[in-house]
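These notes concern the structure reproduced below.
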Amino acid sequence: KYVIDGDTVVLSDKRHVRLLGINTPEVDGRRAAEPGGKSAKNWLKTQLEGRQVSLEADQQEFDSYGRSLFYVFDSEGRLINEQLLAEGLAMLSIYPPNLKYVPRLRLAQQRAEAQGLGIWNMSAYRSQKLAQLMRSKNNGWQRVIVTPLAVKKSGKYARIILSPAADIRIAKQNLRHFSKLNNYLHCEMEVRGWVSWRKGQASILVRHPSALVIKDSNQCAE
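Residue numbers (our numbering): 456 to 677.
Okay, here's the thing in structure tokens:
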């Protein structure tokens with residue numbers, strides 16, 4: 456029926472559908488749109504608005520906002536979630552246990568990134584070193600070059616320590632999707648995820664190993 460933003464649509468039966476496996480920059484009428492947000496929304500409008508789609512579920516029926524979770528296929532059978540990644544309009548965002556199309560979605564993003572399409576050619580999403588992040592205190596989705604130093608486990612999370620003031624958080628329930636965390640130690644990688652700050656401490660929440668991009672595949676296990 457209509458498109459809310461690049462990863463959320465409303466169907467004719469009034470269901471709000473969140474596209475699985477991806478995230479697009481925010482478009483919120485109450486504040487300025489994030490870079491690339493309007494492009495993703497406009498592309499999705501041209502592809503889907505007023506047209507018939509097919510829906511495919513994964514393991515979870517709803518997200519925390521009550522939206523239905525689906526892979527969306529257009530009338531030609533194209534997986535729209537994948538196409539948004541292939542156009543460089545979205546970034547991969549895997550939430551276990553919804554893993555049905557992970558290899559396919561990862562490949563689409565890798566190709567868009569290699570070609571410098573969309574968000575991969577925007578300064579707002581440029582990769583930065585950890586020291587730069589600590590100076591800027593930026594939050595939201597970031598790409599950060601890091602070298603893990605240690606692993607600690609406590610409470611609900613395992614933490615990969617990046618510095619005395621920065622870490623990567625992984626919920627213990629998601630650890631089964633990762634190799635042994637010690638395999639990441641002292642290996643340069645790019646971590647992609649949402650940064651939160653508390654008392655000067657930066658923490659990047661990671662749910663799936665696709666958010667840890669190893670710089671040298673021979674150096675450590677993914």
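Built from N, CA and C at the ideal position, the CB exists for glycine as well.
(request) Whole angstroms is fine: what's the gap from L660's alpha carbon to G648's? (result) 6 Å
(request) Measure the CB-CB distance between A541 and I574 and report whether it falls below 9 Å. (result) no
(message) Nearest by alpha-carbon distance to P551: which of V646, Y580, Q514 is it?
(response) Q514
(request) Answer yes or no: do V465 and L510 have a C-beta to C-beta separation smaller than 9 Å? (result) For V465 and L510, no; Cβs fall outside 9 Å.
(request) Return the CA-CA distance between L475 and F525, expressed in angstroms with no decimal places. (result) 6 Å
(request) Work out the CA separation of H663 and I616 for me, nearest whole Å. (result) I616 and H663 have their C-alpha atoms roughly 17 Å apart.
(message) Let me make sure I understand the geometry here. Which of N637, I623, G521, R653 has the alpha-carbon closest to that of K469?
(response) G521
(request) Answer yes or no: do C642 and I669 have a C-beta to C-beta separation smaller than 9 Å? (result) Closer than 9 Å, so yes.
(request) Could you have a look at E677 and say whether DSSP puts it in helix, strand or coil? (result) Only weak support exists for where E677 lies, its pLDDT of 48 falling under 50; the coordinates are left without a value.
(request) Sort K555, S651, V599 by Cα distance to E645 and report the nearest one. (result) V599
(message) Which of the three DSSP states is assigned to M546 in this structure?
(response) strand
(request) Pull up the distance between the alpha-carbon of N497 and that of I535, whole angstroms please. (result) 14 Å
(request) Enumerate in chain order the residues of its own chain whose CB-to-CB distance from W652 is below 7 Å, with the five nearest sequence positions on each side excluded. (result) K592, N594
(request) Could you name the residues that DSSP lists as bridge partners for A626? (result) Y612
(request) Give me whichever residues DSSP pairs with G648 in a beta bridge. (result) Q597
(message) Let me check one thing: in DSSP terms, what residues is Y526 bridge-paired to?
(response) Within the DSSP bridge table, the entry for Y526 names E511 as partners.
(request) Please go through the same chain and pick out, in chain order, the residues whose beta-carbon is closer than 8 Å to the beta-carbon of S618, but skip the five residues on each side of it. (result) Within the same chain, S618 has close Cβ partners L585, M589, L604.
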